[in-house]
Structure formats: structure tokens, C-alpha cells
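Asker:
Here's what the structure looks like:
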């Protein structure tokens, strides 16, 4: 099948397509740099004072944010809203389809993990806005980068292990909520430092830390980029059903 080249035909990463109304323009995408997860931010402000020393005597002196949310979600409307949101499964979710997707992931697990590591995770570190946030949080140091790779791999395996793992209360589901709260904490830390030391981080240039555009890019790098980018470069081409 041949695609006739037109004025607006775009070729990128070995794929050629004609933009449609479903393809957002650069101007539209830019607006997402100014929007972010405000609900998580509001919840973080409420959760931080509630964190108490862990009774298990673990190295972490305080309970993690997820556990704090779980224990105190009924104490404030904002926390209740967040808790209900993350534990409500949308009607459009197709568990059978997700199960098939998990099967496909493990069918090509070796290539999937290599692609996620080198093209999604490490590749994402080269994106200017993401790189700026990582730099401001020490994400490029040897120890932190290694831990981030291992933690991200663990998160992926938890989310793909089984349907029970990704459903509310499962390990993958809980891990995803922890990531959401972590992003809120990173955003708050950077913006608080910027308030005290103007010039530390340019919101005008990079957008709000961990903004919606960054989140969209991350989701694409762990899905579309994997299927049509990383796997073909390893000689793997998924079937239409896959």
C-alpha cells in the first residue's frame, strides 16, 4: 500500500502519516504544559502532616503516602475524592482485553523489557523537560538512576503480572497510586524551591514539573513507542490482533 505524499505528510521514526483532526497540533499540546494533577497536589498538602513514624521499625521513618491516604481518606473531602477516583473502575475498561495485553507482554517479555529500558526509560531521560526535572531532583546520579530503573521495572511487572494485580487493591494498582503521589511530591519540591530561589526552575520554559504533556509523553513511550518503535528495531512486528 502506497501513501501519496501531500503537503502535510509527516514522516517520523520510520512511519509516514497524514495528520487528521485526531492529531493535536503543537499549539494544543503546549497548553498541556500548563495543566497538571491538581487533585494529587491538594491531597499531598493534607497527607504530609498526617504521616507518622512507621510502627514496623523500617528504615523509612514515616509511613508512605499511599498508606497515609488509605488510613485517612475519610477525614477530608479532598482525600475522599482522590480515594474514590483511584478505586473506581471506568465503565469502558475491558478486563478481557487487558488480560490479552498482559499475555502479549510476556510473550515477548525479553524484547519488551529491553525496549522499555533503552527506548522508553533511558530515552525519556533525554527529553528536555523531563531531563530538567530529573536534574533538579538528582535523578541523573549513579545511585538514583539505577534505583529508578529497578523501581520502574518492578512497577511494570506488578502492573502486568495478572488482572488481580492491576485491579483496585492489587500490587500494580497500589504501585501506580504511589507513583502519582510521588509525582505530586516532586512537583511541590521543585516549585517550593523556585519560590525561595527565583531562577532555580523555569516554569515558562519547561512548564509545570510533571505536567499533563509530560504524562501523555510517558504513557506513549510505554505503549505506542514500544509497539511501533522498540519492537520493530529488534525484528519483532506484532500482528493486528496482538
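Residue numbers (my numbering): 1046 to 1287. Beta carbons: idealized from backbone N, C-alpha and C, even for Gly.
1) Using alpha carbons as the reference points, say which of 1276, 1274 and 1224 lies closest to residue 1085.
2) Can you list, in chain order, the stretches of the beta strand (DSSP E) that have 3 or more residues and sit fully within the region 1101-1157?
3) Can you check whether the CB of residue 1213 is closer than 8 Å to the CB of residue 1134?
4) The beta strand (DSSP E) that contains residue 1062, what's its start and end?
5) Taking 8 Å as the threshold (C-beta atoms), are residue 1117 and residue 1095 in contact?
6) What first and last residue would you give for the alpha helix (DSSP H) that runs through residue 1176?
7) Secondary structure at residue 1056, three-state DSSP: helix, strand or coil?
8) With a 10 Å radius around its C-beta and 16 neighbouring C-beta atoms as the bar for buried, classify residue 1137 as buried or exposed.
9) Relative to the C-alpha of residue 1172, which candidate in 1251, 1279, 1055 and 1077 has its C-alpha closest?
10) Once the 5 residues before and after residue 1220 are set aside, which same chain residues still bring their CB inside 6 Å of it?
11) Check whether the Cβ atoms of residue 1175 and residue 1183 sit closer than 8 Å, and answer yes or no.
12) Taking the CB atoms as reference points, tell me whether residue 1165 and residue 1208 lie closer together than 8 Å.
13) Alpha carbon to alpha carbon, what distance is there between residue 1232 and residue 1160?
14) With 8 Å as the threshold, decide whether the Cβ of residue 1079 is near any Cβ in chain B.
15) What do you get for residue 1186, buried or exposed, if any count of 16 or more other CB atoms within 10 angstroms of its CB means buried?
16) Whose C-alpha, out of 1082, 1167 and 1139, is nearest the C-alpha of residue 1127?
17) Roughly how many angstroms lie between the CA atoms of residue 1079 and residue 1205, to the nearest whole one?
18) Taking only three categories from DSSP, how would you classify residue 1187?
19) Residues in its own chain within less than 8 Å of residue 1246 by CB, not counting five upstream and five downstream?
Answerer: Taking the coordinates as given:
1) Numbered from its first residue, the chain shown carries residue 1085 at position 40. Of the listed residues, the one whose Cα sits closest to residue 1085 is 1224.
2) none
3) On the chain shown, position 89 is the one that residue 1134 refers to. On the chain shown, position 168 is the one that residue 1213 refers to. Their beta carbons are under 8 Å apart, which means residue 1134 touches residue 1213 by this criterion.
4) Start at 1 with the first residue of the chain shown, and residue 1062 comes out as number 17. That run of the beta strand (DSSP E) goes 1060-1062.
5) Along the chain shown, one-based indexing puts residue 1095 at 50. Along the chain shown, one-based indexing puts residue 1117 at 72. Yes, the pair counts as a contact, with Cβ atoms nearer than the cut-off.
6) The count along the chain shown starts at 1 and reaches residue 1176 at position 131. 1173-1181 is the span of the alpha helix (DSSP H), which, as asked, contains residue 1176.
7) Working through the chain shown from its first residue, we reach residue 1056 at position 11. Reduced to three states, the DSSP call for residue 1056 is strand.
8) Numbered from 1 along the chain shown, position 92 holds the residue referred to as residue 1137. Exposed, because fewer than 16 other Cβ atoms sit within 10 Å of the Cβ of residue 1137.
9) Sequence index remark: in the chain shown, residue 1172 carries index 127 (1-based). Comparing Cα positions, the closest option is 1251.
10) Position 175 of the chain shown, counted from the start, is the residue given in the question as residue 1220. Once the five neighbours on either side are set aside, the close Cβ partners of residue 1220 are 1200 and 1203.
11) As a first step, residue 1175 must be located in the chain shown, where it is residue number 130. As a first step, residue 1183 must be located in the chain shown, where it is residue number 138. Not in contact: residue 1175 and residue 1183 (Cβ atoms no closer than 8 Å).
12) Counted from its first residue, the chain shown places residue 1165 at position 120. Counted from its first residue, the chain shown places residue 1208 at position 163. Contact flag unset, no.
13) As a position in the chain shown, residue 1160 is number 115, starting the count at 1. As a position in the chain shown, residue 1232 is number 187, starting the count at 1. Distance between the alpha carbons of residue 1160 and residue 1232: 28 Å.
14) The structure shown has no chain B; it contains just one protein chain.
15) As a position in the chain shown, residue 1186 is number 141, starting the count at 1. Exposed: under 16 other Cβ atoms inside 10 Å.
16) Translated into the one-based positions of the chain shown, residue 1127 becomes position 82. Measuring from the Cα of residue 1127, the nearest candidate turns out to be 1082.
17) Taking the chain shown and counting its residues from 1, the one referred to as residue 1079 is at position 34. Taking the chain shown and counting its residues from 1, the one referred to as residue 1205 is at position 160. Roughly 31 Å separates the two Cα atoms.
18) Taking the first residue of the chain shown as position 1, residue 1187 is located at position 142. DSSP places residue 1187 in helix when its eight states are reduced to three.
19) Here residue 1246 refers to the residue found at position 201 when the chain shown is read from its first residue. These residues qualify, in order along the chain: 1177, 1181, 1235, 1236, 1238, 1239 and 1254.
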